[in-house]
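Asks:
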Amino acid sequence: MKIALIDSHRIFTETLKVNLFKSLEELDAVSLYNSVEAFTVDQGNDPATLVITELVFNGRYDKAVDAIFSAEPKPDVIILTSMSDEWRIRNYMNLGSKAFLSKNCPFQELLDAIAQVKKGNLFLSQDVQDMLWAEMTAGGPSLNNLSSIERGILEGLSRDQAFKTIANNLGISMIELKYHRRMLMERFNLKHFANLVALAKKQGASNLVVDQGLAVHNKERKAPGADLRRRKLAMSEV
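Going by the working numbering, the sequence shown wraps up at 919, each residue one higher than the last.
1) Can you tell me which of the three DSSP states phenylalanine 738 falls into?
2) Sort out for me which residues DSSP pairs phenylalanine 804 with in a bridge.
3) Helix, strand or coil: which one does DSSP assign to isoleucine 853?
4) Consult DSSP for leucine 827 and reduce its assignment to one of helix, strand or coil.
5) Excluding the 5 residues flanking alanine 729 on each side, which residues of the same chain have their C-beta closer than 7 Å to its C-beta?
6) Provide the residue span of the beta strand (DSSP E) that contains aspartate 757, from first to last.
7) Can you list, in chain order, the residues of its chain with a C-beta nearer than 6 Å to that of asparagine 715? Leave out the 5 residues immediately preceding and following it.
8) Looking at the unbroken alpha helix (DSSP H) that takes in valine 798, where does it start and where does it end?
9) Between which two residues does the alpha helix (DSSP H) holding serine 704 run?
10) So, helix, strand or coil for serine 839, using DSSP?
11) Give the single residue among Leu835, Trp768, Leu871 whose Cα lies nearest to the Cα of leucine 813.
12) Can isoleucine 759 and isoleucine 733 be called in contact, C-beta distance under 7 Å?
13) Where asparagine 772 and aspartate 709 are concerned, what is the direct C-alpha to C-alpha distance, given to the nearest angstrom?
14) Report the residue from Ala879, His873, Gln797, Ala815 whose alpha carbon sits nearest the alpha carbon of glycine 837.
15) Rounded to whole angstroms, what is the Cα-Cα separation between phenylalanine 702 and glycine 725?
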């Protein structure tokens, strides 16, 4: 079995690599990548059978993770992330993830996830299961779990700001803004953009204020390229 670890925190992946070799006798190799782009370049030459990836790179959610599910040859994917909420969990399980774990889970749960994925089963860590149950009983997705960019977009909409103004304030491209806007509408099951604006106004700008340092951090990064086409797969259960 060959595993690819994708995470921008090198000390984390190096430590995890050591522990995986100690715990998995059938493990042949573990490759470390600090970005999805580096992984996709390498996958064609030295394919991994299992990918364990973060969703957040250098402090930001990276939609490029979606490209892993189109890589050839196609690996099994385990999401191990510091960002977890009901919408993202269901979104990535729909895309084809075999397991979703938060970084708060014990190492044994990761080993259990790997064992279940090898058998062709799905796996959710206990804290992810607890969060899904809490969200279901609360009646739907919560604004408390939005990323800084998502909250910034809603804040701008609540103030009737133009898209270009919102993008400039957050230090993101118009392509990325439109992507996040569409994801927000999917997340809250909204069919019309006017409903998203109404949601933002209902919450109020004061409840959606984000750290202004985010814009400085984002502007230092290169704007992403064209949006990735999202695959729509039916998930029998989560």
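All C-beta atoms, glycine included, are put in the ideal place defined by N, C-alpha and C.
Please read all numbers here as calculations on a predicted model, not as lab measurements.
Replies: Let's see:
1) For the purposes of this step, residue 738 is taken as the residue at position 57 of the sequence shown. Residue state, collapsed to three classes: strand.
2) Taking the first residue of the sequence shown as 1, we reach residue 804 at position 123. Its beta-bridge partners are Ala780.
3) On the sequence shown, residue 853 is found 172 positions in, with the first residue counted as 1. Coil.
4) Against the sequence shown, residue 827 aligns to sequence position 146. Note: leucine 827 maps to coil in three-state DSSP.
5) What you label residue 729 is simply residue 48 of the sequence shown in a count that begins at 1. Within its own chain, the residues whose Cβ lies closer than 7 Å to the Cβ of alanine 729, once the five positions on either side in sequence are excluded, are Lys683, Ile684, Ala685, Ser712, Pro756, listed in chain order.
6) The residue given as residue 757 occupies position 76 in the sequence shown. Start and end: 757-762.
7) Position 34 of the sequence shown, counted from the start, is the residue given in the question as residue 715. Hits under 6 Å: Ser689.
8) Here residue 798 corresponds to residue number 117 of the sequence shown, with the count starting at 1. For valine 798, the enclosing alpha helix (DSSP H) has its first and last residue at 788-799.
9) Locating residue 704 in the sequence shown gives position 23, counting from the first residue. Counting along the chain, the alpha helix (DSSP H) containing serine 704 begins and ends at 691-704.
10) What you label residue 839 is simply residue 158 of the sequence shown in a count that begins at 1. Three-state DSSP puts serine 839 in a helix.
11) Along the sequence shown, read from residue 1 onward, the residue named residue 813 stands at position 132. Here the closest residue by C-alpha is Trp768.
12) As a position in the sequence shown, residue 759 is number 78, starting the count at 1. As a position in the sequence shown, residue 733 is number 52, starting the count at 1. Using a Cβ distance threshold of 7 Å, isoleucine 759 and isoleucine 733 count as a contacting pair.
13) Here the question's residue 772 lines up with position 91 in the sequence shown. Here the question's residue 709 lines up with position 28 in the sequence shown. If I take the Cα positions, the gap works out to 31 Å.
14) Within the sequence shown, residue 837 is the residue found at index 156, counting from 1. Answer by Cα proximity: Ala879.
15) What you label residue 702 is simply residue 21 of the sequence shown in a count that begins at 1. What you label residue 725 is simply residue 44 of the sequence shown in a count that begins at 1. Distance between the alpha carbons of phenylalanine 702 and glycine 725 is about 24 Å.
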